[in-house]
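Enquirer:
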Amino acid sequence: MSALEQSGGAQEQAVGRPEARGAGTHEPGAGAPALLELRDLTVAFPTRTGFAVAVNGVSLTVAPGQVTGIVGESGSGKTMICRAILGLIPWPGAIVGGEIRWRGRDLVGASASEMRRVRGREVAMIFQDPSSALDPVFTIGNQITEPLRVHLGRSRAAAEKEAIELLARVGIPSPRERFNAYPHQLSGGMRQRAMIAIAISCKPGLVLADEPTTSLDVTIQDQILGLLAELRDEYGMSMVLVSHDLGVVAQNTDSVAVMYSGSIVETAPTSAVFAATRHPYTAALIEALPSIHVREPRVALKPIPGQPPALDALPPGCPFAPRCRYTTEACQSVDMTRVAVGPEHETACPFAEQVMVGA
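So the sequence shown is residues 42 to 400, counted in this note's numbering.
1. Evaluate the contact criterion for the segment 99-116 versus the segment 270-287: three or more CB pairs, one atom per stretch, below 8 Å.
2. How far does the alpha helix (DSSP H) with Gly309 in it extend, from its first residue to its last?
3. Please report how far the alpha carbon of Pro357 lies from the alpha carbon of Ser374, in whole angstroms.
4. Measuring straight from C-alpha to C-alpha, what distance separates Gly194 and Val211?
5. From the DSSP output, in three-state form, read off Arg142 for me.
6. According to DSSP, is His67 part of a helix, a strand, or is it coil?
7. Does Pro131 pass the burial test, meaning 16 or more other C-beta atoms within 10 Å, or should it be called exposed?
8. Looking at C-alpha atoms only, which residue of Gly161, Val137, Arg144, Asp376 is the closest neighbour of Gly150?
9. Anyone know if the C-beta pair for Thr83 and Val283 falls short of 8 Å?
10. What does Tyr301 pair with, by DSSP beta-bridge criteria?
11. With a CB to CB cut of under 6 Å and the five nearest residues on each side skipped, what residues in its chain are close to Met377?
12. Going by DSSP, name the residue or residues bridged to Met166.
13. Go through its chain and collect everything with a Cβ distance to Arg364's Cβ below 7 Å, but skip five positions before and after it.
14. Can the beta-carbon of Ala95 be found closer than 8 Å to that of Leu326?
15. How would you call Gly63, buried or exposed, if buried means at least 16 neighbouring beta carbons within 10 angstroms?
16. Which partner residues does Ala93 have in the DSSP bridge list?
17. Please classify Arg427 as buried or exposed, where buried requires at least 16 neighbouring CB atoms within 10 angstroms.
18. Are at least three pairs of beta-carbons, each pair with one atom in the segment 241-251 and one in the segment 160-169, less than 8 Å apart?
19. What are the partner residues of Ser284, as DSSP defines its beta bridges?
20. Flag this pair as yes or no: are the beta carbons of Ala298 and Leu127 separated by less than 8 Å?
21. Secondary structure at Asp81, three-state DSSP: helix, strand or coil?
This is how it looks when you write it as C-alpha cells:
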C-alpha cells in the first residue's frame, strides 16, 4: 500500500522599496543553522478520483530572526504548509512525504504529546479568521491564560496578571475589562490583537501569521502589521507571513516564497523577487497590480488568464504552463526542481532567462 493510500485513514508603491517596514533589515548570523527547514514536504487529501496534492514537494528554509513571506493565489497551499508544521492538517488529509525539521528535529511522525509541547510553546500561529479561531464560549482572558498555565506552569494569579499585560502590549484599550470579555464583544481589529496576544504569550521562536489582516480595513491592517514588526524585534522571533497581497509581502518580509498549485515556484530575498523576477507566475502577479501612476481611469488591469488547475488533476510538468505566455512543449516535462539564478534566488522555470522582469 502506498503512502498516499495509507493517508485515507499595499500595492505598487510598496513593491521593492528598500525602506519598507521589515524589508531586508534582519540579517541572520553568519553560518546560523536553519530554525525551520521543510524538505520535499507533501500533503495530500484523498478524493473520489484519486488524491488532491495540496502541498507538492515543498522545500523551504526559515532562518533565525527572519521574516519569510509565502505568497500566492487562494488554494495554492500557503495555509496548508502552516497547518502541516503544527500538525493541524484537517482530516482526511495527511503528510505523505518529506520532513519538517524544527531546530534540527523532524516533526513528521511526532507523537501527539510532543506536538502539544511544540504547538504554542515553540511555534505559534495567528489564524486568518479570529472569529472562528477564538472559542466563543470562553473569555479572551481564559484563552490567553491557558497556554501560560499549560506550557509555562504559571499560577492562576500570575497568568491573569501576565495576560492583562499582554493585552495592553498588543494595544487593546482597557485590558483589565477586555480580559473578561467574550470574542463577540470585541471588534475585528481587537479580536486579531487578542489572537496575537495568545500567539506570543509563551514567546515562541517562530510565529506563523496566516493572512493576519485579510478581514480588516486598511488602517487597521497597517496597525496590525506594525505591531507584528515591533513584537518580532522585541522578542527576537522569526516569522512566516502568509499573504496574497504583494504590497504586504514587499513591506514586511526579508525573503519570499511564491506558491502555485501546491509548489513553490520561486524563492529569493524580497528585494530580488520584485526587482528581478525569474518565474512567469511571479511576473504575472506583479503585472496584475494596479499602478498608482496610471492617470486614465479606464485603463484595464492585466489579469492572469485562465484558472489554476484542480489539485487532483494537475497537468504534467509545470502546473502554470496552461496560463503561461512563455510556455513551450518542453514545459510538460519540467519537474519543478528549483535552480539557482542569483544569490539566494531560485526558480522552477527552466526558461528563466526569458522572464527577467524588472532586471
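Even for Gly, the Cβ is constructed at its ideal location relative to N, Cα and C.
Expert: In short, the structure shows the following:
1. Contact holds: three or more Cβ-Cβ distances are below 8 Å.
2. Numbered from 1 along the sequence shown, position 268 holds the residue referred to as residue 309. The sequence as given places Ala at residue 309; Gly does not occur at that position. Where Ala309 is concerned, there is no enclosing alpha helix (DSSP H), although the beta strand (DSSP E) it sits in stretches over 304-310.
3. Sequence index remark: in the sequence shown, residue 357 carries index 316 (1-based). Sequence index remark: in the sequence shown, residue 374 carries index 333 (1-based). Pro357 and Ser374: Cα-Cα distance of roughly 7 Å.
4. As a working mapping, residue 194 is identified with position 153 in the sequence shown. As a working mapping, residue 211 is identified with position 170 in the sequence shown. Gly194 and Val211: Cα-Cα distance of roughly 22 Å.
5. Within the sequence shown, residue 142 is the residue found at index 101, counting from 1. The answer is strand: DSSP assigns Arg142 an E or B state.
6. For the purposes of this step, residue 67 is identified with residue 26 of the sequence shown, where counting begins at 1. Residue confidence for His67 is low, a pLDDT of 49 falling below 50, so the modelled location carries little weight; the figure read from the coordinates is stated next. The answer is coil: DSSP assigns His67 none of H, G, I, E or B.
7. Along the sequence shown, read from residue 1 onward, the residue named residue 131 stands at position 90. Counting Cβ neighbours within 10 Å, Pro131 comes out exposed, since fewer than 16 surround it.
8. On the sequence shown, position 109 is the one that residue 150 refers to. Considering only alpha carbons, the answer is Val137.
9. As a first step, residue 83 is located in the sequence shown; it is residue number 42 there, counting from the start. As a first step, residue 283 is located in the sequence shown; it is residue number 242 there, counting from the start. Contact flag unset, no.
10. Position 260 of the sequence shown holds residue 301. According to DSSP, which records beta bridges pairwise, Tyr301 is partnered with Ser304.
11. Translated into positions along the sequence shown, residue 377 becomes position 336. Taken in chain order, the residues that qualify are Ser304, Ala389.
12. The count along the sequence shown starts at 1 and reaches residue 166 at position 125. Beta-bridge pairing links Met166 to Leu249.
13. The residue labelled residue 364 in the question sits at position 323 within the sequence shown. For Arg364, where only same-chain residues beyond five positions count, the Cβ hits under 7 Å are Ile345, Pro346, Gly347.
14. Here the question's residue 95 lines up with position 54 in the sequence shown. Here the question's residue 326 lines up with position 285 in the sequence shown. No, the Cβ-Cβ distance between Ala95 and Leu326 is not below 8 Å.
15. If you number the sequence shown from 1, residue 63 lands on position 22. Only weak support exists for where Gly63 lies, its pLDDT of 49 falling under 50; the value from the coordinates is given anyway. Its Cβ being crowded by 16 or more others within 10 Å, Gly63 is buried.
16. Here residue 93 refers to the residue found at position 52 when the sequence shown is read from its first residue. Bridge partners of Ala93: Phe86.
17. Examination of residue 427 is not possible in this model, given that the chain is present from 42 through 400 alone.
18. yes
19. Translated into positions along the sequence shown, residue 284 becomes position 243. DSSP, once it has assigned bridges, lists Val112 as partnering Ser284.
20. Working through the sequence shown from its first residue, we reach residue 298 at position 257. Working through the sequence shown from its first residue, we reach residue 127 at position 86. Contact flag unset, no.
21. Numbered from its first residue, the sequence shown carries residue 81 at position 40. Looking at Asp81 - three-state DSSP - the assignment turns out to be strand.
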